[in-house]
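Worksheet for the structure shown next.
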Amino acid sequence: MSEGMMDSQIIDQLNSGVLLVDLNFKLVHWNRFLAVHVNKPFNDVAGQSIFDVFPELPKRWLERKLNSVVQLGTPSFCGWEQRHHLFELPHTRPISTDSEFMAQNCTFLPYLEQQQLAGVYILIEDVTDVCHYQSMLKATMQELELATRIDGLTKVYNRKFWEESLTHEFSRAKRYACDMSLLMFDLDHFKSINDNYGHQCGDLVLVEAAHRVNSLLRDADVLGRYGGEEFAVILTETAQFGAVEVAERIKKSLTATPVVFNGKEIYFSASIGIASFNSEQTSHETLIAEADAALYRAKSSGRNKICLSPTLYKCS
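Going by the UniProt record's numbering, the first residue of the sequence shown is number 1, and it counts up by one from there.
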């Protein structure tokens, strides 16, 4: 048995794809693994361009890759994390995955014939399982990271992450003299809702309030649950006038329609305090204190009101 026949038999036993192209990128050979996954015997495609047989290949990118192997005479590699797959080959793993195609690591090796470079071997490793489990791990890590930042009930940011965001935005505003405002709002008579209708109803009101407010904000704004029935919003690049407009929209949205619980309509509202950044404030705690004081006045003046920080006192 010749050495070439032995090599071919060994290659056919591999559980990876092996494909050989000549210097013009025409197919010279592929092994049994590829014949099975392509569902086509090699004789049907022998001598054809790899780009005709696999039109899904990124032609310009792969030409550069193959040419670099030819010119330098050194191997090259492309992992699934760089490109999920080059060849649209079906995977056969009994697992659920987002892709119908096999995730692949591809290695490109120079092929020598009588000490002369004659083509390029492409080795295709099926890494669908690795890709799947890595993706699951990544998703789990993202969920865990998100869980440390999100309030479990309302799904807005929790106080810790929200205050970290405020610290960052306050420092940025102070350094670059940017506008920034802070809204703090508290649901009115929330204890009565819990007492009269139960905590499940109270939770429903909290969730609905958070949803309505969040829908009014920009991506750059940061809504957090400050504690109990109290929420806070960081309005980036927003001066006092803009903050008042946002507060008016929030006030209107919360009172517009009731929450329905056990067939009963539950109306609710919120008192809102506003503080805007100024150069005299020494820390983000100062901004919180001013917004909190304005919120206290809004509640004291009859609730369902909007009050500004002490520097520009107003209730509406």
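Here a beta-carbon is modelled for each residue, glycine too, at the ideal position from N, C-alpha and C.
All of these numbers come straight from a predicted model, not from anything done at the bench.
Proximity of residue 235 and residue 309 at Cβ, strictly below 8 Å: Locating residue 235 in the sequence shown gives position 235, where the first residue counts as 1. Locating residue 309 in the sequence shown gives position 309, where the first residue counts as 1. Inclusion of residue 235 and residue 309 in the CB contact set at 8 Å is not warranted, their separation being larger than that value.
Spatial neighbours of residue 134 in its chain, beta-carbon cut-off 7 Å, leaving aside the 5 residues before and after: Counting from 1 along the sequence shown, the entry for residue 134 is found at position 134. The answer is none, since no qualifying residue turns up.
Please return the same chain residues whose Cβ sits closer than 6 Å to the Cβ of residue 208, not counting the five positions on each side in sequence. What you label residue 208 is simply residue 208 of the sequence shown in a count that begins at 1. The beta carbon of residue 208 sits closer than 6 Å to the beta carbons of 259 from its chain, once the five residues preceding and following it are set aside; these are given in chain order.
Top-ranked residue by Cα proximity to residue 303, from 264, 188 and 127: Taking the sequence shown and counting its residues from 1, one reaches residue 303 at position 303. Considering only alpha carbons, the answer is 188.
Beta-bridge pairing of residue 186 - partner residues as DSSP gives them: If you number the sequence shown from 1, residue 186 lands on position 186. According to DSSP, residue 186 bridges with 230 and 271.
Exposed or buried, which one is residue 4 when buried takes at least 16 other CB atoms within 10 Å? The residue you call residue 4 lines up with position 4 of the sequence shown. Residue confidence for residue 4 is low, a pLDDT of 45 falling below 50, so the modelled location carries little weight; the figure read from the coordinates is stated next. Burial call: exposed.
Which word fits residue 273, buried or exposed, when buried means at least 16 other C-beta atoms lie within 10 angstroms of its C-beta? Your numbering for residue 273 matches position 273 in the sequence shown. Result: buried.
In the DSSP assignment, the alpha helix (DSSP H) including residue 35 goes from what residue to what residue? Mapped onto the sequence shown, residue 35 falls at position 35. Where residue 35 is concerned, the enclosing alpha helix (DSSP H) stretches over 32 to 38.
Taking a contact to mean a Cβ-Cβ separation below 8 Å, would you say residue 266 touches residue 205 in this structure? Taking the first residue of the sequence shown as 1, we reach residue 266 at position 266. Taking the first residue of the sequence shown as 1, we reach residue 205 at position 205. With contacts defined by Cβ atoms closer than 8 Å, residue 266 and residue 205 form a contacting pair.
Need the endpoints of the alpha helix (DSSP H) that residue 300 sits in, please. Looking up residue 300 in the sequence shown gives position 300. 284 to 300 is the span of the alpha helix (DSSP H), which, as asked, contains residue 300.
Please state whether the Cβ-Cβ distance between residue 25 and residue 66 is less than 8 Å. In the sequence shown, residue 25 corresponds to position 25, counting from 1. In the sequence shown, residue 66 corresponds to position 66, counting from 1. Yes; because the gap between Cβ atoms is below 8 Å, this pair is in contact.
Any idea what DSSP makes of residue 255, helix, strand or coil? The residue you call residue 255 lines up with position 255 of the sequence shown. Note: residue 255 maps to helix in three-state DSSP.
Enumerate, from N- to C-terminal direction, the unbroken alpha helix (DSSP H) stretches of 4 or more residues contained entirely within the segment 126 to 207. Qualifying alpha helix (DSSP H) stretches, in chain order: 128 to 147, 159 to 176 and 190 to 197.
How about residue 255 and residue 210: do their beta carbons lie closer than 8 Å? What you label residue 255 is simply residue 255 of the sequence shown in a count that begins at 1. What you label residue 210 is simply residue 210 of the sequence shown in a count that begins at 1. Cβ atoms of residue 255 and residue 210: not closer than 8 Å.
Using 8 Å as the threshold, is the C-beta distance between residue 120 and residue 137 below it? Along the sequence shown, read from residue 1 onward, the residue named residue 120 stands at position 120. Along the sequence shown, read from residue 1 onward, the residue named residue 137 stands at position 137. Contact flag unset, no.
Starting from residue 53, trace the beta strand (DSSP E) both ways and give me its first and last residue. For the purposes of this step, residue 53 is taken as residue 53 along the sequence shown, with counting starting at 1. Residue range 50 to 53 is occupied by the alpha helix (DSSP H) that includes residue 53, with no beta strand (DSSP E) assigned at that position.
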